[in-house]
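Trainee: In this note's numbering, the protein residues as written are 1324 to 1661.
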Ligand code: SAM
Ligand code: SF4
Ligand code: SF4
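Here it is, written out as structure tokens:
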């Protein structure tokens, strides 16, 4: 039986950040003026080891958790990640093992990840316009690298890949329909994400958010849509199919249609801190006790205490929390990976 938080939400997913570094500098996540060459990322010895991660994953399953997502920073920068995937795929009770990547190194890794037992992939791709793409990754990679990576993933046997596209008004909203046309008719699901005020560095303001309702209308005018699924079962997206049978498209509307009521995700940073919300101010240290020799019971007890005490619902209270007297700094997205 899964443990329940103070708002009656079960613990179901664990998102594990394997590394806080990234080869991209997407301005909405890690703007390069802040994350420059002298920026101090975690020392490598602070990263949880593979054995430590697997041990925590087993404790998580013992508390009723069923789904793991590996993320970052950029998870494919973590050396020998396929070895970790193999170990996690063998953990009994894990029903879903997924990974989110910027896709730029997938050509190298896709076949090895598949062979190691990874179930599902999410690839982030905000636009198909080369110059817009280059700007949106902080001038670090060419579009071709990600498209080649996607092709490698398909060839490796990943069938239905989630494609995450963050949409920012005035930046890539004019390229939405190109993305739709490209992925329509494939088994992949293009998921539009509303630009969020994660972290403290991206100078977010709500005029840059393109509401999902606006994107749905735009797509529907050219390719009629029918809604087939919502966030009620703990997912983050509302799913639509094309009425002509040419596949699906989804929308993650954390700003205009918050889904905190069904949020069942716990997050673990690369150095072993637990966060119960994407917008949390503080984490709870699990890595410290783990390295000091805490038993599985004690570590499980910490997770249980963190989850049962959880009352986060940031997206439902965003405007009060941002502008009220209690506005607090937030964890950065690259530390916990979405
Ligand atoms: N580096 C990997 C990648 O980009 O896929 C994994 C980590 S990244 C933090 C996870 C997801 O968060 C990506 O799909 C990214 O687009 C999304 N993301 C980052 N900053 C965001 C923001 N400000 N608003 C909405 N989504 C964001
Ligand atoms: Fe890196 Fe992903 Fe953040 Fe972009 S969104 S900077 S790829 S961690
Ligand atoms: Fe979950 Fe926090 Fe996002 Fe709400 S704002 S859905 S509680 S991560």
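Glycine included, every Cβ here is placed at the ideal spot set by N, Cα and C.
1. Alpha carbons only, please: which of 1424, 1408, 1449, 1460 is nearest the one belonging to residue 1436?
2. Beta carbon of residue 1351, beta carbon of residue 1518: below 8 angstroms?
3. Classify residue 1540 as helix, strand or coil using the three-state DSSP reduction.
4. Between which two residues does the beta strand (DSSP E) carrying residue 1561 extend?
5. Compare the beta carbon distance of residue 1577 and residue 1658 with 8 angstroms and say whether it is the shorter of the two.
6. Ignore the nearest five residues each way along the sequence and tell me which others in residue 1432's own chain have a CB closer than 6 angstroms to its CB.
7. Does residue 1545 come out as helix, strand or coil in the three-state DSSP assignment?
8. Under a three-way DSSP split, which group does residue 1481 fall into?
9. Measuring straight from C-alpha to C-alpha, what distance separates residue 1339 and residue 1522?
10. Taking 6 angstroms as the limit between beta carbons, can you name the residues of its chain near residue 1361, skipping five residues before and five after?
11. Which residue marks the beginning of the alpha helix (DSSP H) containing residue 1620, and which one marks its end?
12. Residues near ligand 3, CB to any non-hydrogen atom under 5 angstroms, in chain order?
13. Quick one, are the C-beta atoms of residue 1554 and residue 1604 less than 8 angstroms apart?
14. How many Å lie between residue 1503 and residue 1470 at the Cα?
15. Say whether the segment 1364 to 1373 touches the segment 1419 to 1428, bearing in mind that this needs 3 or more beta-carbon pairs closer than 8 angstroms, one atom from each stretch.
16. Leaving out five residues before and five after residue 1416 in sequence, what residues of the same chain have Cβ atoms less than 6 angstroms from its Cβ?
17. Using DSSP's beta-bridge definition, name the partner residues of residue 1333.
18. Consult DSSP for residue 1596 and reduce its assignment to one of helix, strand or coil.
19. For ligand 2, any of its heavy atoms closer than 7 angstroms to the Cβ of residue 1353?
20. According to DSSP, is residue 1416 helix, strand or coil?
21. Taking 7 angstroms as the cut-off, does the CB of residue 1447 come closer than this to any heavy atom belonging to ligand 1?
22. Which of helix, strand or coil does DSSP assign to residue 1449?
23. According to DSSP, is residue 1580 part of a helix, a strand, or is it coil?
24. Considering just the uninterrupted stretch of the beta strand (DSSP E) at residue 1572, what are its terminal residues?
25. Residue 1655 to residue 1365, Cα distance in whole Å?
Mentor: In brief:
1. Against the chain shown, residue 1436 aligns to sequence position 113. Ranking 1424, 1408, 1449, 1460 by Cα distance to residue 1436 puts 1408 first.
2. Stepping through the chain shown from its first residue, residue 1351 is reached at position 28. Stepping through the chain shown from its first residue, residue 1518 is reached at position 195. Yes, Cβ-Cβ distance for residue 1351 and residue 1518 is below 8 angstroms.
3. Within the chain shown, the letter at position 217 stands for residue 1540. If DSSP states are grouped into helix, strand and coil, residue 1540 belongs with the helices.
4. Counted from its first residue, the chain shown places residue 1561 at position 238. Residue 1561 -> beta strand (DSSP E) spans 1561 to 1565.
5. Locating residue 1577 in the chain shown gives position 254, counting from the first residue. Locating residue 1658 in the chain shown gives position 335, counting from the first residue. Cβ atoms of residue 1577 and residue 1658: not closer than 8 angstroms.
6. Indexing the chain shown from 1 puts residue 1432 at position 109. Cβ within range, chain order: 1399.
7. Taking the first residue of the chain shown as position 1, residue 1545 is located at position 222. Reduced to three states, the DSSP call for residue 1545 is helix.
8. As a position in the chain shown, residue 1481 is number 158, starting the count at 1. Reduced to three states, the DSSP call for residue 1481 is coil.
9. Reading the chain shown from its first residue, position 16 is the one you call residue 1339. Reading the chain shown from its first residue, position 199 is the one you call residue 1522. Spanning the two alpha carbons is a distance of roughly 18 angstroms.
10. By one-based count along the chain shown, residue 1361 stands at place 38. There are no such residues.
11. Numbered from its first residue, the chain shown carries residue 1620 at position 297. Per DSSP, residue 1620 belongs to the alpha helix (DSSP H) from 1619 to 1631.
12. 1583, 1586, 1600, 1601, 1635, 1637, 1638
13. Sequence index remark: in the chain shown, residue 1554 carries index 231 (1-based). Sequence index remark: in the chain shown, residue 1604 carries index 281 (1-based). No, Cβ-Cβ distance for residue 1554 and residue 1604 is not below 8 angstroms.
14. If you number the chain shown from 1, residue 1503 lands on position 180. If you number the chain shown from 1, residue 1470 lands on position 147. Their Cα atoms are separated by approximately 15 angstroms.
15. no
16. Looking up residue 1416 in the chain shown gives position 93. Taken in chain order, the residues that qualify are 1384.
17. The residue you call residue 1333 lines up with position 10 of the chain shown. Paired residues: 1327.
18. If you number the chain shown from 1, residue 1596 lands on position 273. If DSSP states are grouped into helix, strand and coil, residue 1596 belongs with the strands.
19. Here the question's residue 1353 lines up with position 30 in the chain shown. Correct: residue 1353 has its Cβ closer than 7 angstroms to ligand 2.
20. Counted from its first residue, the chain shown places residue 1416 at position 93. Residue 1416: coil per DSSP, three-state reduction.
21. Indexing the chain shown from 1 puts residue 1447 at position 124. Residue 1447 Cβ: within cutoff of ligand 1.
22. Counting from 1 along the chain shown, the entry for residue 1449 is found at position 126. Residue 1449 falls in the coil class under three-state DSSP.
23. As a working mapping, residue 1580 is identified with position 257 in the chain shown. It is coil, neither helix nor strand.
24. Counting from one through the chain shown, the residue named residue 1572 turns up at place 249. From DSSP, the beta strand (DSSP E) with residue 1572 extends over 1571 to 1575.
25. If you number the chain shown from 1, residue 1655 lands on position 332. If you number the chain shown from 1, residue 1365 lands on position 42. Approximately 13 angstroms, taken between the alpha carbons.
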